[in-house]
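Report on one structure; see the data block that follows.
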Amino acid sequence: MRKLVISAAAALAVGAMALAPTGAAAAPKIPCGTAKLIVPWKAGGGTHIIFSIFEKTIQDMDVTPKIKVVTVPGQGGNKGAKEAAKAKADGCTLFAIHQSAITSYLNGRIPFQYDNFETVALLTSTPDIVGASGKVPWNDFASFKKATLAAPGTVKVGATFGSTSQFYWLILEDLTGMKFKFVPYDGTRERMTALLSGAVQMGGLNVASGRKYMAAGDLKGFAIAAAKRSKHMPDMPTLKELGVDMIYALDRGIVAPKGTSKDVLDHWSQIFKKAAEDPGLRKQMDAKGTDVNWVGPDGYRAWAKKAFADHEKVAIKIGLWKKK
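This is the structure we're talking about:
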């Protein structure tokens, strides 16, 4: 059976490279009391919320510099990426990133991906759920799959074209033989509205965004693309249990402008490691169905290379990308 694993688990497989630096070292000179952490999406979205939690945690820590989350939305993340890429490599600018940098790059929407930055730390992992409108006639993955295979190209899936919200379903197509009809939406809120109204039949969810709607019967969840069942939804099977050997999660991390020195990268990595170990932060992440999986600069770089290769392989196979 073909297997696809695009998640923080890939990073943990290279955990030996993710070890914290040993030995005491003087803190590098970073010429700011507060660094700017650019989030290239709208305020109120999942990434903004998660890094705002990190911001608050770091503000309360005895570390220097602190961080300030600044949203720079627009152009599918490209506007924020441009600002981060051209910033001084002095440790005063950081950039929030996840796999949409890869999918948007492969679709030609943006010229930036992980290789254009220095990796600081991989921090969180949010598994995707195969979500459905509460109005669909199917109540489990098997019946959904059977119906989709019987009528290829008719089941409507809400997605932001060129983003992970579409790529997830493209990968599911590739692994199962199902074919969907993609309906474009600008962002998460628009996709959720369409799913709740029944304008589309299927769409990606996660524990945080979908739990209350699934509990109320407004939405359905057929499977989670995780290595194990969610403790928040123990009755929902994993895709692997259902015969689809696929793990897909949105893995959020921090990068810095190209040329940032190793000592600065290590310094920031350790600050985020300390924040990631905070019980209060972990409790908040747990409530959002998000795992905390800190991985340092070298391990994160190895993860990014593998994640790109995994996405690229699928993109080539489905005709979205030609290897340069």
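Residue numbers (the working numbering): 55 to 378.
Note that the Cβ used here is the ideal one computed from N, Cα and C, for glycine as well.
Since this is a predicted model, take the numbers as computed values, not measurements.
Find the nearest neighbour of residue i within the set the options, judged by alpha-carbon distance.
i: Gly98; options: Ala196, Asp340, Met232, Val126; result: Val126
i: Ala173; options: Asp194, Lys377, Thr344, Ser315; result: The sequence given here has Thr at residue 173, not Ala. The option with the nearest alpha carbon to Thr173 is Ser315.
i: Lys122; options: Val93, His365, Tyr302; result: Val93
i: Gly313; options: Pro82, His152, Asn170, His102; result: Asn170
i: His286; options: Ile84, Trp95, Ile183; result: Ile183
i: Gly87; options: Ile112, Glu244, Gly207, Lys96; result: Ile112
i: Met300; options: Ser219, Asp228, Gly373, Pro165; result: Asp228
i: Val209; options: Lys189, Thr218, Ser217, Trp348; result: Lys189
i: Ala139; options: Met290, Tyr168, Ala81, Lys360; result: Tyr168
i: Gly100; options: Ser179, Leu148, Glu137, Ile156; result: Ser179
i: Arg336; options: Asn161, Ile372, Phe105, Gly128; result: Phe105
Taking C-beta to C-beta, are residue i and residue j nearer than 8 Å?
i: Leu249; j: Gly257; result: yes
i: Ala89; j: Gly130; result: no
i: Gly350; j: Ser323; result: yes
i: Gly212; j: Leu259; result: no
i: Ile225; j: Tyr302; result: yes
i: Ala81; j: Pro311; result: no
i: Arg163; j: Asn193; result: no
i: Ser158; j: Ser219; result: no
i: Phe254; j: Val237; result: Sequence check: residue 254 is Val here, not Phe. Yes, they are a contact pair.
i: Ile325; j: Ala150; result: no
i: Lys327; j: Trp357; result: no
i: Val346; j: Leu203; result: no
i: His321; j: Gln153; result: no
i: Arg245; j: Thr292; result: no
Got a sec, what are the start and stop residues for the alpha helix (DSSP H) residue i sits in?
i: Lys342; result: From DSSP, Lys342 is part of no alpha helix (DSSP H); its letter is neither H nor E.
i: Thr202; result: 195 to 204
i: Gly313; result: Counting along the chain, Gly313 falls outside any alpha helix (DSSP H), and DSSP gives it neither H nor E.
Since residue i sits in a beta bridge, which residues does DSSP pair it with?
i: Gly258; result: Val184
i: Asp305; result: Ser179
i: Lys210; result: Lys235
i: Ile151; result: Gly307
i: Ile164; result: According to DSSP, Ile164 bridges with nothing at all.
i: Gly134; result: DSSP output for Gly134 lists no bridge partner at all.
i: Gly275; result: Gly185
i: Glu172; result: Ala310
i: Val349; result: Leu176
i: Ile121; result: Ala89
i: Thr292; result: Ile278
So, under 8 Å CB-CB, residue i and residue j are touching, yes? Tell me the CB distance rounded to an integer number of Å.
i: Ala277; j: Phe221; result: With a Cβ gap of about 17 Å, Ala277 and Phe221 do not count as contacting.
Can you tell me where the beta strand (DSSP E) with residue i in it begins and where it stops?
i: Thr101; result: No beta strand (DSSP E) contains Thr101, which is instead part of the alpha helix (DSSP H) from 100 to 113.
i: Phe215; result: No beta strand (DSSP E) holds Phe215; DSSP gives it neither H nor E.
i: Lys96; result: Looking at the DSSP string, Lys96 is not in any beta strand (DSSP E), and its letter there is neither H nor E.
i: Gly252; result: Taken as a continuous stretch (DSSP letters only), Gly252 belongs to no beta strand (DSSP E), as it is neither H nor E.
i: Ile84; result: Per DSSP, Ile84 belongs to no beta strand (DSSP E) and is neither H nor E.
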